[in-house]
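Some notes on the structure that comes next.
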Amino acid sequence: MSLVLDGLSILAVCAGAFFFLAGTVGLLRFPDPLSRLHALAKADNLGLGLVVLGLLFQAAGLPAALKLIGVWLLTLLAGATVTQLIARTVRPTEPQA
Amino acid sequence: MADFMFAATGLVVAMVALGLVRLLRGPAAADRIMAAQLLGTGGTAALLLLADAMRAPGAVDVALILALLAAFVSVAFVNALDRSELDRK
Amino acid sequence: MAFDTGLAVVVLGVAVWTIAARKTVAAVAGFVAFGLLLALVWVRLAAPDVALTEAAIGSGVTGGLLLGAATRLRRIEPSAAGETLGIGLKLAAAVLCILVATGIAAIVLLLPEPAPTLAPQVAKNLDRTGLGNPVTAVLMAYRAIDTLLEVVVLLLALVGIWSLAPDRAWGGFPGARHHADSDGLLAFVAQLLVPIGILVGIHIFWVGSTAPGGEFQGATILAAMWIFAVMAGLLDTPAVNRRWLRLLLVIGPAVFLAIGLAGFAVAGGFLAYPEAYAKVMILTIEVPVTLSIAATLALLVAGPPERPPNG
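Protein chains in written order, with numbering that gives the first Met the number 0: chain P, 0 to 96; chain Z, 0 to 88; chain X, 0 to 310.
Here is the structure:
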């Protein structure tokens, strides 16, 4: 049983690391700040989610697992909202009439 | 298993380092603010992996603080930027 | 191990970049990145309490402080950039830093094996303090006097900053007034993250007795969340002549000092705790101290008063 869990963890963490790689490639190669922001926000957060999934299989009990999910949700929340703010500094929204 | 987690952490840190090289240099101010966000996600992932690899559950709390404070610093940067835009008008 | 070497190289690289950066805001970004990476290093060195403090104070709150300074200095930055230091002075500074770093490295590497340490005694007497986290035991029981002095030093720093206020703003509101942005986006972010942050701060403070954490880290998170709310325009900074604010700032050190003096009567020494009540005493000190430090740190970042108190 623990072998299956280990295998699932390795799979998920590898997938997560792949998405981090993809996000960084995007960061390095995309031409303008907004597309780089897109790569950062989407790919890296997905990578984090997969890493957390992999670590859940290794978690020592329910409180530890809930804490991991909590960290992921917080990062997701903070990331989604703060990247909007950063995007606004690049291209300000239309001023109110 | 611990070795695998260490390797994964190493990969994530390498990705963060590469990203930092690009972002800290980037001409747009938004690029530098993104460096804080990059550390917020990448650093959190690295810490969670380390927490498992080193059997150190305290590192999960560090990841919590990292996520929170990366957001705080990003907002501080955005604010500082907005103030400079206002100053120029 | 390859991972540790790689991490060290990355941290050094970011540090070098930060020193070499041309614009102040860019350098602050590098500094924050450096601090957050350093938290990783501390975790690798099996010091999660230090990692918590590094991420919270060393990187987050100090980053906010430096940004505030950079914003204030923006107007004179072009003229200041013209007055760069001469190459001789830069070389002298570099040599001095290298000497200090080499000295510290030499001391650490040349320690006798096993290195002299009080850690076994700390561990042996841990149950008498009623705590499970040896770092908190050192901070609040074995060396509580250091912590008391640190808290007082923070307060004195705040008084120093307040004394920088111009005469017309004496006792007034720190910092400029932030308004909620027209989209409401920043306000929304703050309304979402600040309550979560407050919960996290209380959690980190509370687990400090048995796991990595404690009052300084918890207080820093609370301070950061308060600054967050002010930046988003949800709150205004309080005027520094308000009595409730001054009471909040002073109550931590006051309680700490009172319990310290009571130690003479009750347990035979300054800051000595009666053995059966050690944990209760420590908790009684920690709660007001956390509130005071949170307020002090937040006001330190807010800066000297800029707007008159009754205007």
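All C-beta atoms in this analysis are idealised placements derived from N, C-alpha and C, irrespective of residue type, glycine included.
- In the three-state DSSP reduction, Phe172/X falls in the strand class (E or B).
- Fewer than three Cβ pairs drawn from the region 52-71 of chain X and the region 88-98 of chain X lie within less than 8 Å of each other, which leaves the two stretches out of contact.
- Proximity of Gly57/Z to chain X, defined by a Cβ-Cβ separation below 8 Å, is satisfied.
- Under the Cβ criterion of 8 Å, Phe19/P is counted among the residues facing chain Z.
- DSSP lists Pro173/X as the bridge partner or partners of Pro304/X.
- Between Ile64/Z and Ala28/X, the gap from beta carbon to beta carbon reaches 8 Å or more.
- About 6 Å separates the beta carbon of Ala238/X from that of Gly171/X, a gap short enough to meet the 8 Å contact definition.
- Counting only runs of 4+ residues, the alpha helix (DSSP H) found wholly inside the region 16-77 of chain X occupies 23-43, 47-52 and 61-72, in chain order.
- Of the candidates Val107/X, Ala1/X and Gly174/X, Gly174/X places its Cα closest to the Cα of Met230/X.
- At a cut-off of 4 residues, the continuous stretches assigned as alpha helix (DSSP H) that sit fully inside the region 212-265 of chain X are 214-230.
- Note on Ile144/X: under 16 other CB atoms within 10 angstroms of its CB, so exposed under the neighbour-count rule.
- Put simply, the CB of Asp51/Z is near chain P, with a gap under 8 Å to one of its CB atoms.
- Cβ neighbours of Glu214/X within its own chain (closer than 6 Å, five residues either side excluded): Phe204, Glu285, Val288 and Thr289.
- Here DSSP, grouped into helix, strand and coil, assigns Asp180/X to coil.
- Boundaries of the alpha helix (DSSP H) around Val51/P: Pro32 to Leu55.
- Between the alpha carbons of Leu84/X and Thr23/X lies a distance of about 16 Å.
- Within chain P, the residues placing a beta-carbon under 8 Å from that of Phe187/X are Thr80, ordered along the chain.
- Going by C-alpha positions, Arg176/X is about 12 Å away from Ile226/X.
- One Cα belongs to Met0/P, the other to Val13/X, and the distance between them is close to 43 Å.
- Ranked by how close their Cα comes to the Cα of Pro165/X, the residues Met224/X, Pro307/X and Met0/X have Pro307/X in first place.
- Using a 10 angstroms sphere on the CB of Gln36/Z, the tally of other CB atoms reaches 16 or more, which defines it as buried.
- The region 52-66 of chain Z and the region 45-55 of chain X touch, with no fewer than 3 CB-CB distances between them shorter than 8 Å.
- Taking a contact as a CB-CB distance under 8 Å, the pair Val300/X and Gly129/X does not count as one, their CB atoms being some 34 Å apart.
- Spanning the alpha carbons of Met4/Z and Leu48/Z requires a straight line of approximately 6 Å.
- Shown here for Val134/X: same chain residues with a beta carbon closer than 8 Å to its own, the five before and five after excluded, namely Asp48, Pro211 and Gly213 in chain order.
- The beta carbon of Ile281/X is closer than 6 Å to those of Met139 in its chain, skipping five residues each way along the sequence.
- Taking a Cβ-Cβ cut-off of 7 Å, the neighbours of Ile195/X in chain P comprise Leu73, given in sequence order.
- Per DSSP, Arg54/Z lies in no alpha helix (DSSP H) segment and is marked neither H nor E.
- About 6 Å separates the beta carbons of Val150/X and Phe255/X, which is inside the 8 Å limit, making them a contact pair.
- Using a CB distance cut-off of 8 Å, Leu191/X counts as an interface residue toward chain P.
- Neighbours of Arg87/P in chain X, taken as residues whose beta carbon is under 8 Å from its own, are Asp182 and Leu184 in chain order.
- Taking Ile220/X as the centre and dropping the five residues before and after it, the same chain places the C-beta of Ala55, Gly196, Val199, Gly200 and Ile203 closer than 7 Å to its C-beta, in chain order.
- Contact between Arg87/P and Met33/Z is absent: CB atoms are separated by about 13 Å, not below the 8 Å threshold.
- Closer than 8 Å to the CB of Asp2/Z there is not a single CB belonging to chain P.
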